[in-house]
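Asks: Throughout the first sequence, residue numbering follows our numbering, covering 336 to 690 in sequence.
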Amino acid sequence: MPPPSPRRLARAIEAWFLKARRDLPWRPADPAAARDPYHCLVSELMLQQTQVSRVIERFETFTARFPTIESLAAADAHEVLALWSGLGYYRRARLLHAAAKAVVSEHAGEFPTQPEQIQALPGVGRYTAGSIASMAFHARAPIVDGNVARVLLRLHADGSPQTASNTQKRLWAQAQELVNAAEHPGVLNEGLMELGALICTPRSPACDRCPVRAHCAAHAQGRQHELPTPKAPAVQRELFCDAVRVRDARGRVLVERRPDSGLWGGLYQAPTRESADRHARLPELRAWIGAESLDRSQRFTHQTTHRRVSFRVWETSPVRGMGSGERAWKSRLQLGSLALSTPQRRILLPGLSLA
DNA sequence: AAAACGTGGCA
DNA sequence: TTGCCAAGTTT
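1) Taking the alpha carbon of Trp623 as the point to measure from, which residue in Leu359, Pro496, Ala578 has its own alpha carbon closest?
2) Per DSSP, which residues does Ala408 bridge with? Please list them.
3) What residue range is occupied by the uninterrupted beta strand (DSSP E) comprising Ala578?
4) Identify the continuous beta strand (DSSP E) that holds Thr651 and give its terminal residues.
5) Roughly how many angstroms separate the alpha carbons of Gly441 and Thr651, rounded to a whole number?
6) May I have a chain-ordered list of the alpha helix (DSSP H) segments no shorter than 4 residues that lie completely inside the segment 391-462?
7) Measure the C-alpha to C-alpha separation of Gln638 and Ala443 and round it to an integer number of angstroms.
8) Whole angstroms is fine: what's the gap from Pro366's alpha carbon to Ala412's?
9) How is the alpha helix (DSSP H) around Ala663 delimited, first residue to last?
10) By the 10 Å Cβ neighbour count, where 16 or more other Cβ atoms means buried, how is Asp493 classified, buried or exposed?
11) Which runs of the alpha helix (DSSP H) fall wholly inside the segment 612-637 and span at least 4 residues, in chain order?
12) Who are the near neighbours of Arg582 in its chain, counting only those whose CB is closer than 7 Å to its CB and skipping five residues on each side?
13) Taking just the CA atoms, how far does Ser466 sit from Ala455?
14) Quick check: Ala476 and Val514, are their CB atoms within less than 8 Å of each other?
15) Kindly indicate which residue of Leu530, Gln604, Ala409, His432 has the alpha-carbon position closest to the one of Lys354.
16) Please determine, among Gln383, Pro653, Tyr373, Arg485, the residue with the shortest C-alpha to C-alpha distance to Ala399.
17) Would you tell me roughly how many angstroms separate the C-alpha atoms of His473 and His560, rounded to the nearest one?
18) Roughly how far, in whole angstroms, is the beta-carbon of Arg592 from the beta-carbon of Glu661, given that I think they are within contact range, below 8 Å?
19) Here's a check: name, in chain order, each residue in its chain whose Cβ is nearer than 6 Å to the Cβ of Leu380, leaving out the five neighbours to either side.
20) To which residues does DSSP link Arg592 through a beta bridge?
21) Any chance you could list the alpha helix (DSSP H) runs of at least 4 consecutive residues sitting entirely within the segment 510-561, in chain order?
22) Only counting the same chain, and skipping five residues up and downstream in sequence, which positions put a Cβ closer than 7 Å to that of Ala417?
23) Tell me whether Ala355 sits in a helix, a strand or coil according to DSSP, three-state version.
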């Protein structure tokens, strides 16, 4: 099979996208219209390593609260983090906030139009920069995300490891060829991703509905199911957490804040001791929180990509001085608008669904 | 440059 | 139940 012509490939993908395009909150009615770069920034940061269905629930709440890049730049850092609660990869919230501030202070509030300038913004890598530049400013900038990589590797029946640097280099070059041949760079780029999301899916690709099936080497060889070669699973480390729930007479709960970096950076939590190898011993736990007695009330596990976290939850009554220093009392109402990880939401707001 | 960083849905 | 995976970036 001859190498697929970028021209025909690009046009076929664009034509298909104009028909098959899903209606999503961050997509305007007109596919070829220039997009609001601020809305692109928000949706792209939210979409990094995150499924569309998760972002649909968050995008409108976020942009309703922060309708402009100026309003986001002026926002309180913790409120931004709170709106990110439950989305994961919380560093993105901080980076998005920093990017908004950078546009306001370093670009006088005028969103930069060149891919290199956009990529200089916090939290914006090559993929996100190309995405914003092509969708908001019609730049012929390529994009390669997980979807695009899968589509291209299958089109070329390329079984080389996706993350290898020479593979990446090849993928970006192919993506550049396609966007050069496109009618509308933004339409081609978004179409390529949509093709990966709707047709050229990881498990059971719908080749019978694929607009570029005729150009696909993997399909010709019947190898679409085995490409691309799967990546090795991440090694999971154990983490043991003891969280203490303290409620005072007025129903307020004791919380502390995590350090800004690392796992669940900057989020609030019930006072929690962590250990890599074992749970804390009861006496040291008591001494640490300053309680006379502790009652175990709950245990559960929580999985992340790199960790298996075992929680034990303890109950105790307030002791004078507990709310000083790094700790503070919060009412249930206040807890509802606090930035909390999913396990801590389970501990601090039991019975309340994520919202 | 490898490792870290979250979460929920689905097979 | 366990593993896989999703619009990547940062350090």
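Ideal placement from N, C-alpha and C gives every residue a C-beta, glycine not left out.
Replies: On the basis of the data shown:
1) For this step, residue 623 is matched to residue 288 along the first sequence. Ranking the options by Cα distance to Trp623, first place goes to Ala578.
2) Along the first sequence, read from residue 1 onward, the residue named residue 408 stands at position 73. None, per the DSSP bridge assignment.
3) Working through the first sequence from its first residue, we reach residue 578 at position 243. Per DSSP, Ala578 belongs to the beta strand (DSSP E) from 572-581.
4) Position 316 of the first sequence, counted from the first residue, corresponds to residue 651. Taken as a continuous stretch (DSSP letters only), the beta strand (DSSP E) holding Thr651 covers 642-651.
5) For the purposes of this step, residue 441 is taken as residue 106 along the first sequence, with counting starting at 1. For the purposes of this step, residue 651 is taken as residue 316 along the first sequence, with counting starting at 1. Note that residue 441 is Glu in the sequence shown, not Gly. Each residue's alpha carbon lies about 50 Å from the other.
6) 404-408, 412-419, 426-441, 450-454
7) The count along the first sequence starts at 1 and reaches residue 638 at position 303. The count along the first sequence starts at 1 and reaches residue 443 at position 108. Gln638 and Ala443: Cα-Cα distance of roughly 42 Å.
8) In the first sequence, residue 366 corresponds to position 31, counting from 1. In the first sequence, residue 412 corresponds to position 77, counting from 1. Using only the alpha carbons, I get a separation of about 33 Å.
9) Within the first sequence, residue 663 is the residue found at index 328, counting from 1. Ala663 -> not in any alpha helix (DSSP H); beta strand (DSSP E) instead, spanning 662-665.
10) By one-based count along the first sequence, residue 493 stands at place 158. The residue in question, Asp493, is buried, as its Cβ has 16 or more Cβ neighbours within 10 Å.
11) Qualifying alpha helix (DSSP H) stretches, in chain order: 617-624.
12) Stepping through the first sequence from its first residue, residue 582 is reached at position 247. Only Val588 meet the Cβ criterion.
13) Taking the first sequence and counting its residues from 1, one reaches residue 455 at position 120. Taking the first sequence and counting its residues from 1, one reaches residue 466 at position 131. Between the alpha carbons of Ala455 and Ser466 lies a distance of about 14 Å.
14) By 1-based counting over the first sequence, the position of residue 476 is 141. By 1-based counting over the first sequence, the position of residue 514 is 179. Going by C-beta atoms, Ala476 is nearer than 8 Å to Val514.
15) Locating residue 354 in the first sequence gives position 19, where the first residue counts as 1. With distances taken between Cα atoms, Lys354 lies closest to Leu530.
16) Taking the first residue of the first sequence as position 1, residue 399 is located at position 64. Measuring from the Cα of Ala399, the nearest candidate turns out to be Tyr373.
17) Taking the first residue of the first sequence as position 1, residue 473 is located at position 138. Taking the first residue of the first sequence as position 1, residue 560 is located at position 225. Between the alpha carbons of His473 and His560 lies a gap of roughly 34 Å.
18) In the first sequence, the residue the question calls residue 592 occupies position 257. In the first sequence, the residue the question calls residue 661 occupies position 326. Going by Cβ atoms, the distance from Arg592 to Glu661 rounds to 7 Å, so yes, they are a contact pair.
19) Here residue 380 corresponds to residue number 45 of the first sequence, with the count starting at 1. Answer for Leu380: Arg427, Leu431, Gly458, listed in chain order.
20) The residue you call residue 592 lines up with position 257 of the first sequence. In the DSSP assignment, the residues bridged to Arg592 are Tyr603.
21) 520-533, 552-555
22) The residue you call residue 417 lines up with position 82 of the first sequence. Cβ within range, chain order: Ser672, Leu673, Ala674.
23) Mapped onto the first sequence, residue 355 falls at position 20. Correct three-state label for Ala355: helix.
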